[in-house]
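J.:
In our numbering, the protein residues as written are 14 to 111.
Take a look at the structure:
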């Protein structure tokens with residue numbers, strides 16, 4: 014319930030959703046509603062079935078509310094991969110040469 018209230022309180026007067034643009038706020042409000050419903054359901058029936066259902070509901074709501082995925086930037090042709098296969102430039106966001 015705490016996470017749902019952080020996103021948006023039940024009456025819609027406070028929460029992170031109030032700071033977002035219209036489309037993002039609508040998505041955040043949907044997620045807050047699903048989180049709130051999951052919390053109530055788990056509180057009423059704290060068993061494995063309720064937990065699995067709550068997780069499924071949250072997973073279904075999250076991608077729809079998040080909007081389109083932002084593609085990762087392509088690595089420059091000359092950047093050799095660093096540890097973990099990530100190009101060195103991606104590991105140096107402030108261009109310090111580290």
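Ideal Cβ positions, reconstructed from N, Cα and C, are used throughout, including at glycine.
Would a C-beta distance cut-off of 7 Å place residue 41 and residue 33 closer than the cut-off?
T.: Yes.
J.: To the nearest whole angstrom, what separates the beta carbons of residue 38 and residue 51, a pair I think is in contact under 8 Å?
T.: Going by Cβ atoms, the distance from residue 38 to residue 51 rounds to 20 Å, so no, they are not a contact pair.
J.: Pull up the distance between the alpha-carbon of residue 55 and that of residue 64, whole angstroms please.
T.: Cα to Cα, the separation comes out at about 7 Å.
J.: Just to confirm, is the Cβ distance from residue 43 to residue 19 under 7 Å?
T.: Not a contact, by the Cβ cut-off of 7 Å.
J.: Using DSSP with H/G/I as helix, E/B as strand and the rest coil, what is residue 56?
T.: Residue state, collapsed to three classes: helix.
J.: From which residue to which residue does the alpha helix (DSSP H) around residue 16 run?
T.: Unbroken alpha helix (DSSP H) run through residue 16: 15–20.
J.: What is the C-beta distance between residue 35 and residue 17, in whole angstroms, given that I count them as a contact (C-beta under 8 Å)?
T.: In fact, because the Cβ distance is near 20 Å, the residues do not count as touching under 8 Å.
J.: Report buried or exposed for residue 72, applying the criterion of at least 16 other Cβ atoms within 10 angstroms of its Cβ.
T.: With fewer than 16 Cβ atoms within 10 Å of its Cβ, residue 72 is classed as exposed.
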